[in-house]
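**Student:** Using this note's numbering, the letters of the sequence shown map in sequence onto residues 22 to 278.
Even glycine gets a Cβ: it sits at the ideal position worked out from N, Cα and C.
Below is the structure I would like to discuss, written out as structure tokens.
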Amino acid sequence: MMTKNPSNEREQLEMLTIDPLVPNNHLVRKLEAAIDFSFIYPLEGFVLGAIVTPENVHDSHVLQPLVERVIQNVQKPLAVAADAAYKTPAITNFLLENQMLPVLPYTRPKTKDGFFRKHEYIYDEHYNCYLCPQEQILKYATTTKEGYRQYKSNPLICAKCPCLSQCTESKHHQKLIQRHIWASYVEEAEHLRHSYDIKQIYAKRKETIERVFADAKEKHGKRWTTLRGLKKWSMQAMLTFAAMNLKKLAIWTWQTA
């Protein structure tokens, strides 16, 4: 049932709210899948494509089909800017293999405090192994079905290592490092992050992508919806973005006139 909130006014009025009727995961569709690539074009702020997905689909699974749609309908972008959620081996591989520059931010190491960071273990591409800070070898063991190569240390050597407490918490005294088969693409994207052009492109992200999200949420009611189904929500989202694009065209026409 709808809840009733008494008004502060003297009249016999009651304020009704339907917030409890909107489940968090069923009716509410958050606007998370629309990405604006317009900063690479002279006319900034246009939405060139959008894909609506269920809430349980990770953001990184949306970028590739969205970029392919933009390439098909508009043209191939020179660079693609996104937040840290899209800094994955699959995305960087897709962008670099298709001659598009990945413009991605810095991501902090996820290692626990007091432990060696992953970059302190040196990867030897020629011998396909890792060297730990104590210059011991972590040999290749296997490749998982998810595409991660596993490198393991010798537990007999690690058991006597003075830095064992900074290396691993394994009860078997064995260090395990995983490296994706496309990790080199992520490393290349990290190197590109330091270039001047990439910094200039990423600095425009807050002026284009974030502005589009803010306008859609604040001015067009895209914080939540009561529609059911991806088709209805996709239709509503695309109509909203089309209206936002037409509004920009109308403003420019009025200004130039």
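(1) Which partner residues of Y223 appear in the DSSP bridge assignment?
(2) Terminal residues of the continuous beta strand (DSSP E) containing V95?
(3) Nearer than 7 Å: is that true of the beta carbon of K269 relative to any heavy atom of the ligand COA?
(4) For L52, count the other beta carbons within 10 Å of its own beta carbon; 16 or more makes it buried, fewer makes it exposed. Which is it?
(5) Tell me the DSSP secondary structure of D218 in three-state form.
(6) Write down the C-beta distance between C153 and S174 rounded to the nearest angstrom, noting that I regard them as a contact closer than 8 Å.
(7) Would DSSP call Y206 helix, strand or coil?
(8) Residue ranges of each beta strand (DSSP E) run of no fewer than 3 residues wholly in the segment 129 to 215, ordered along the chain?
(9) Count the other CB atoms, across all protein chains shown, that sit within 10 Å of the CB of I39; report buried if there are 16 or more and exposed otherwise.
(10) Under 6 Å Cβ to Cβ from L122, same chain only, skipping five residues before and after it: list those, please.
(11) Return the CA-CA distance between H147 and T189, expressed in angstroms with no decimal places.
(12) Quick check on the burial criterion: 16 or more other C-beta atoms within 10 angstroms. Buried or exposed for T277?
(13) Have a look at K240 and A264 and give me their C-alpha separation to the nearest angstrom.
**Tutor:** Working from what's here:
(1) In the DSSP output, where bridge partners are listed per residue, Y223 has none listed.
(2) Per DSSP, V95 belongs to no beta strand (DSSP E) and is neither H nor E.
(3) No copy of the ligand COA appears in this structure; indeed no ligand is present at all.
(4) Residue placement at L52 is poorly supported in this model, since its pLDDT is 42, which falls under 50; the coordinates are not used for a value here.
(5) helix
(6) 7 Å
(7) helix
(8) 143 to 145, 150 to 152, 158 to 164, 169 to 173, 197 to 201
(9) Bear in mind that the predicted position of I39 carries a pLDDT of just 40, short of 50, making it unreliable; the figure below should be weighed with that in mind. Its Cβ having fewer than 16 others within 10 Å, I39 is exposed.
(10) A100
(11) 25 Å
(12) exposed
(13) 12 Å
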